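Inspection log for the structure reproduced underneath, given as structure tokens.
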Amino acid sequence: MNYLTYLFPVLFQINNQTDGMNKTMIMNYLHDFGYLSVTSATDNEMKAALQDYQYFIGTKPTGEINNETMDMMQRPRCGKPDEEMKRAKRYTFLGNNTWPKAELLYRFDSYPLKMRSLEVHREFKRAFDVWSKHVKIIFKNVVDTSYSDISINFRTLDGEGRSIGYALNPTHGIVILDKDEPWTKEGEGVNLFQIALHEIGHSLGLGHSSKRNSIMYPYYLGYRENAGLDIDDVKGITALYSNDKHDNRSSKGDNTELCRDPKIDTIFTAPDGFVYVLKNNKYWKFTTNFIMVDGPNLIQSRWPGLPSNIDAAFTSWNNVTIFYKGYYLWKYVLNKKVGEPKLIADGYDNVPNHIDAAFIWSGSGHLYFFRGSKYWMYNSYKHLGMRIKYIYPLPISYWYGVPNDIDAAVSIRGATYFFKGGNYYKYDDRNRRIYAGYPRSTTIEMFKCVNSNYG
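The sequence shown lines up with residues 1 to 455 when you count with the UniProt record's numbering.
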């Protein structure tokens, strides 16, 4: 469906006839928003579609074109179709998809013509904060454009009025708003906070609601002072995200083993967006803010066939997680093993066995291996393959402040975390140095160990 042709290109007079251009435009409108499966309909099909539309928008379902119906059709609205318009008057879902992550990163790729970027950031943050209270997902704005879960774009759609914007379902993560609208943070024009609330609701998986007080009602009915979520919105998002996997506000899991001995085998980010810590034959699951959400669990329960005491691991750009131990490597797509273990030497020339750490560094986008007092860099871009530069290995001292003989490392959003014994170092990828105040205690800062005997 073309989201750019939702509303009428011109306004037209209402009369008693529905044939000709008027009828064609009405049929196109009903088709674009999900009420007709074809753009050419019989009179009976047209009447049934109008009844469905009228029922959904909250007017008397006569099946006839009247002033009230035409007035609503000419109002600015969201560009997504009205799903499940025949169901009870309440919230709807965009399928059963939800975000499987406890933290979502969002970025702005472009801005509107008539509103400052700082104001746009502020209004979207307000909107994300409202939803965060009910889905228990942490939303973070990132400036680095290399990765985000949700991208926010202001583009020319159909000019001022008509279609305001739309958002894709989880986990596609795209919000598009019409840059030509008179966006505002107050009463005049189109209130950005209200529209941001609506489109974020779509990004989280909610469809349109037929309740006019709902923020998920498809039409913009004007500025609402103290706008927020209606009880219908709260019920919908609560029902959609009722699974415990989305609860990242309180620490879960048992940290006892990590507190007794904080030395870890490896740490890496997985395709599901969580951070995994492996130690001996067990793993723990954390958010990217290092909030524990699960564990300990047996490594074999998540990655069948993977041995204990892994040396290093990382997840590639194509979501393949590679584990290293001794002379061998194992590849997994999600939880499924791909092929049999292979010799490290067969995949990487000049890289030693028994490596200490492996990660893709945000500073270059390349794959790095650490062992002892040296490190190696591989070009990890897909189109260039996995090739090492001949100047390697180089001394770890080039990474200012990072110690030799590390236990593990992981790169997350512009920072790389190096682990050694009971401490970890946070490395500033942009300025290439350890942040002030590091190293810090892993037991206290990350594993949240409270017993005075720990750390």
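Quick reminder that beta carbons are idealized off the backbone N, C-alpha and C, glycines included.
All values derive from a computational prediction rather than experimental measurement.
A contact is defined here as three or more CB-CB pairs under 8 Å, and the region 111–126 fails this definition with respect to the region 57–74.
In this structure, Glu199 and Val175 form a Cβ contact; the two beta carbons are roughly 5 Å apart against a cut-off of 8 Å.
Boundaries of the beta strand (DSSP E) harbouring Glu103: Glu103 to Phe108, taken from the DSSP string. In the same chain as Pro403, and ignoring 5 residues on each side of it, the C-beta atoms closer than 7 Å to its own belong to Lys420, in chain order. Nearest Cα to Ile291 within the set Asn67, Asp233 and Thr443: Thr443. Rounded to whole angstroms, the gap between the alpha carbons of Pro439 and Leu394 is 23 Å. Gly201 carries a helical assignment under DSSP once its states are collapsed to helix, strand and coil. Taking Arg126 as the centre and dropping the five residues before and after it, the same chain places the C-beta of Phe193 closer than 6 Å to its C-beta, in chain order.
Taken in chain order, the whole alpha helix (DSSP H) runs of length 4 or more contained in the UniProt domain "Peptidase metallopeptidase" (95–243) are 117–135, 192–204 and 231–240.
In this chain, the alpha helix (DSSP H) harbouring Leu258 covers Thr256 to Arg260. For Asp265, the secondary structure class from DSSP, reduced to helix, strand or coil, is coil. Scanning His172, Phe154, Asn67 and Leu168 for the CA closest to the CA of Lys179 turns up Phe154.
Going by C-alpha positions, Arg433 is about 54 Å away from Arg212. Per DSSP, the unbroken alpha helix (DSSP H) holding Thr24 starts and ends at Gly20 to Asp32. At a Cβ-Cβ threshold of 8 Å, Thr266 and Ile310 count as neighbours. Note: Ile434 is bridge-paired with Tyr427 in the DSSP secondary-structure output. Rounded to whole angstroms, the separation of the alpha carbons of Leu104 and Asn97 is 15 Å. The closest CA to that of Tyr328, considering only Asn335, Asn255, Ser316 and Ser308, is found on Ser308. In the three-state scheme derived from DSSP, where H, G and I count as helix and E and B as strand, Lys80 is classed as coil.
Separation of Asp429 and Thr39 (C-alpha to C-alpha, rounded to the nearest whole angstrom) is 54 Å.
Excluding five sequence positions before and after Val142, the CB atoms of its chain that fall closer than 6 Å to its own CB belong to Leu105, Arg107 and Ser148, given in chain order. Distances from the CA of Ala102 to each of Glu64, Ser209, Ile152 and Val275 were compared; the closest alpha carbon is that of Val275.
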